[in-house]
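S.K.: Numbering (this note's numbering), first residue to last: 834 to 1675.
Ideal Cβ positions, reconstructed from N, Cα and C, are used throughout, including at glycine.
Have a look at this one before I ask anything.
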């Protein structure tokens, strides 16, 4: 009776449902059972098929777990228990599969368990089917099937298995369906899948996420990694790049490690802009340590905000870069001051370090000299194991309050091959003492130090804006440095180390230096040879001179060092306390050539009026200064003394002025063009032809022996014209004049070239109160043969014309002397008023 009533109720109920279906108000895939004696059977069929049809509409075929095996010694594979949804139907299978040898087989699962399907052959009485005859992947027989794997057999064994199982669904594999990560990964296998992480998923054992998986976490999704446990992943690229929230929590200190480098975010380890400095230090270090040591470069990516940290952030043998959203957006702020505590620095076997788009700040700014660097790579101290051929590359970097902004030292082995930067801006902290640890950029012992757009605000704390020591190549442009205690730029080699490689080329050009203790210090010592130093297009404003030095620019070669070429072209300077440039040499140091052309100099010697010159020269011992070429406008503004210090020109082999305008100096000078004589390094003749010319008041003494009244030594090679394109006619002209005393004594004047008498007063031998004048021209035939012609006048009487054939070795110096001899031991009988030598170059 009860069953009858129930059946009647169902009939009544589904009768109305059938009417609704017919009216189109509620659609179904299967026909809703109608009231009949087969109703119960029809209802079972309806429920089974309708749910499957609806699931098939919502998702593609999916393998939930199982259905795959590994390689095996035989030809029988034992797939793990299969759970799948095919065309919406729930399918399970736990059978084995036997494969033919030497084959490539494609394995599928199908909703049916009997009969072959398309090109696939049934594994008897199972949901499994094989196609072992197709090299390319065959098409599935219908929508009721799904690929499981590709199996290769050879030599009686299963040699390769490729997982082809689809996760299915419209989004991905839901990790949070499982109690912990290990269980989820077992179900996942090696399928390609997006892993949905929407919960805090326990990780209680070491786990490896397959390379085929990509993690898509929600804001609440994270791995809770227990102490001592680590997740291993192939690369950070397996994590959605938009993830900027905590992803690894729990007690583990190394929750994840990546086999290959990539981009990581410190937020994954719970770092952030509102996190404490101590925790941020821990979390950022974990981000660094998650990347592999050695190998290619990995990056830690920071958001647009201020991250505080309370200790150094070491690379820990990683090749790594920090990248932010721009130096005006991303800041790393060090909250503590301590000796040797840095922002980001090299340790261990690091080879490459990078910083892009960040500000490193010290808050509060350092007031002690602790050598704290914002970015540092020091091969001899912090990173003695630094890998050879290391590189330091910085871009869009700002430093605020550190002792040193950027520090790169390749060590005694020059391990850093490249220190490159662009757009560095630094505000330097420190005590303001000349401690040697407060710098803008330190570039030490590198193969190449190159950069563009360097701005340093010394704030009267920095020793130097740029300190380059021992680098083989320096090439820096577009520089602005202000308010340093010492020189804005200092370039020197490594001292006290023998047999190091000579530097090649040092350039700091297109620079502006404002209100610094000094502007440029170039000093080469020991036996180093520097081919070229280029400081072209420099502007210096309000320079105080550096320390005990007396010029804005200091150029020095000491010991046996040599600087072949210094380019100071295009210098602009005004408001200088002392000299513009001091050129110094000691021992046998050499400076071969200085280009000081196209200068605009206004107002120097402000410290003491009329004291300092534009060029200060300090040549000591046997130092050698070659050629100085200068031109431009030099306006002392009533303060500057002169262009050259007294005798300064004579310290050079050749000083060549070009177009020079000098004004408002207390000791104005002439700036005449000159030319070298022959191949001599130092003998020169001015545009008027003068080599040497003196007006004198020299007389004989009360003796009858021959006396020298004037002499000049012509430098070796001055008449040596054995060079390409030159003839053999170079020579000199000598002119001398004076007066004989008013008495009848014998008086003789002789002109000597070397030991040969070229002319004397052979006609009027006892001149009485007469003027005299002689002139001689001396020309070469060849390197050891010469000719001379001379004449002399005494009063109105000619002393004749004398021609001489001579044989002086012109590769040696040549002495020209005017000598006189009294016939009676009477003082002042012969007077010399002038003695001049003129060059007759090729």
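What is the DSSP secondary structure of residue 1152, counted as helix, strand or coil?
M.R.: Note: residue 1152 maps to coil in three-state DSSP.
S.K.: Would a C-beta distance cut-off of 8 Å place residue 1273 and residue 1234 closer than the cut-off?
M.R.: Cβ distance not < 8 Å, so residue 1273 and residue 1234 don't count as in contact.
S.K.: On the three-pair Cβ rule with 8 Å, is the segment 1242-1261 touching the segment 1213-1233?
M.R.: Counting Cβ pairs under 8 Å, three or more are found: they touch.
S.K.: Can you tell me the Cα-Cα spacing of residue 1128 and residue 1044, whole angstroms?
M.R.: The alpha-carbon atoms of residue 1128 and residue 1044 are separated by roughly 19 Å.
S.K.: Under 7 Å: does the beta carbon of residue 1290 sit that close to some heavy atom of the ligand SAH?
M.R.: Absence of the ligand SAH from the depicted structure is noted, as is the absence of any ligand whatsoever, leaving it without description.
S.K.: Is residue 1052 buried or exposed, if buried means 16 or more other CB atoms sit within 10 Å of its CB?
M.R.: Exposed is the call here.
S.K.: Quick check on the DSSP output: the alpha helix (DSSP H) that includes residue 1123 runs from which residue to which?
M.R.: Run containing residue 1123: 1110-1123, per the alpha helix (DSSP H) assignment.
S.K.: State the Cα-Cα distance for the pair residue 1588 and residue 1538, rounded to the nearest angstrom.
M.R.: Each residue's alpha carbon lies about 16 Å from the other.
S.K.: Please state whether the Cβ-Cβ distance between residue 1671 and residue 1566 is less than 8 Å.
M.R.: Cβ distance < 8 Å, so residue 1671 and residue 1566 count as in contact.
S.K.: Would you mind sorting residue 870 into buried or exposed? The rule is 16 or more other CB atoms within 10 Å of its CB.
M.R.: Burial call: exposed.
S.K.: For residue 1322, which residues from the same chain have a beta carbon less than 6 Å from its beta carbon, with the 5 sequence-adjacent residues on both sides left out?
M.R.: 1299, 1341 and 1353, listed in sequence order.
S.K.: For the pair the segment 1473-1485 and the segment 1501-1511, tell me if three or more CB-CB distances fall below 8 Å.
M.R.: Result yes; three or more Cβ-Cβ pairs closer than 8 Å.
S.K.: For residue 1282 and residue 1252, which I take to be in contact (beta-carbon distance under 8 Å), what is that distance rounded to the nearest angstrom?
M.R.: So it is a contact: roughly 5 Å between Cβ atoms.
S.K.: Assuming residue 923 and residue 942 make a contact with CB atoms under 8 Å, what is their CB distance in whole Å?
M.R.: About 12 Å; that fails the 8 Å criterion.
S.K.: For residue 1421 and residue 1366, I'd like the C-alpha separation in whole angstroms.
M.R.: Roughly 19 Å between the two C-alpha positions.
S.K.: According to DSSP, is residue 854 helix, strand or coil?
M.R.: No answer about residue 854 holds up, because its pLDDT of 44 lies below 50 and its placement is not dependable.
S.K.: Going straight from the alpha carbon of residue 998 to that of residue 1069, what length do you get?
M.R.: Approximately 24 Å, taken between the alpha carbons.
S.K.: Compare the Cα-Cα distances from residue 1488 to each of 1440, 1661, 1427 and 1435 and report the closest residue.
M.R.: Ranking the options by Cα distance to residue 1488, first place goes to 1427.
S.K.: On the three-state DSSP scale, how would you describe residue 987?
M.R.: If DSSP states are grouped into helix, strand and coil, residue 987 belongs with the strands.
S.K.: Closest to residue 1432 by CA distance: which of 1395, 1491 and 1457 is it?
M.R.: Taking only the C-alpha atoms, the option nearest residue 1432 is 1491.
S.K.: How far does the alpha helix (DSSP H) with residue 1014 in it extend, from its first residue to its last?
M.R.: Unbroken alpha helix (DSSP H) run through residue 1014: 1014-1021.
S.K.: List in chain order: all unbroken beta strand (DSSP E) runs of 3+ residues lying wholly within the segment 924-987.
M.R.: If we require 3 residues or more, the beta strand (DSSP E) runs fully inside the segment 924-987 come out as 937-943, 961-964 and 978-987.
S.K.: Less than 8 Å between C-beta atoms, sequence neighbours within five positions excluded: which residues of the same chain meet that for residue 1666?
M.R.: 1528, 1529, 1530, 1570, 1571 and 1572.
S.K.: Rounded to the nearest angstrom, what separates residue 1395 and residue 1347 at their Cα positions?
M.R.: Taking the straight line joining both Cα atoms gives about 30 Å.
S.K.: Can you tell me the Cα-Cα spacing of residue 1664 and residue 1536, whole angstroms?
M.R.: Approximately 14 Å between the Cα atoms of the pair.
S.K.: So what does DSSP say about residue 1604, is it helix, strand or coil?
M.R.: Here residue 1604 sits in strand by DSSP.
S.K.: Candidates 1525, 1551, 1482 and 1526: which alpha carbon is nearest residue 1516's?
M.R.: The shortest C-alpha separation from residue 1516 is found at 1551.
S.K.: Beta carbon of residue 910, beta carbon of residue 1042: below 8 Å?
M.R.: No. Outside cutoff.
S.K.: Would you mind reading off the limits of the beta strand (DSSP E) that contains residue 1639?
M.R.: Unbroken beta strand (DSSP E) run through residue 1639: 1630-1639.
S.K.: Would you mind sorting residue 873 into buried or exposed? The rule is 16 or more other CB atoms within 10 Å of its CB.
M.R.: Exposed: under 16 other Cβ atoms inside 10 Å.
S.K.: From residue 1258 to residue 1192, what does the alpha carbon distance come to, in whole angstroms?
M.R.: Between residue 1258 and residue 1192, the C-alpha separation is close to 9 Å.
S.K.: Going by alpha carbons, who is nearest to residue 1360 out of 1495, 1419 and 1370?
M.R.: Ranking 1495, 1419 and 1370 by Cα distance to residue 1360 puts 1419 first.
S.K.: Which runs of the beta strand (DSSP E) fall wholly inside the segment 1502-1533 and span at least 3 residues, in chain order?
M.R.: Fully enclosed beta strand (DSSP E) runs of 3 or longer: 1507-1509, 1517-1519 and 1523-1532.
S.K.: Under DSSP, the beta strand (DSSP E) around residue 1261 begins and ends at which residues?
M.R.: Element bounds for residue 1261: n/a, residue is neither H nor E.
S.K.: Would DSSP call residue 1248 helix, strand or coil?
M.R.: Three-state result, residue 1248: coil.
S.K.: Give me the residue from 1412, 940 and 1461 with the minimum Cα distance to residue 1444.
M.R.: Selected option, being the one with the closest Cα: 1412.
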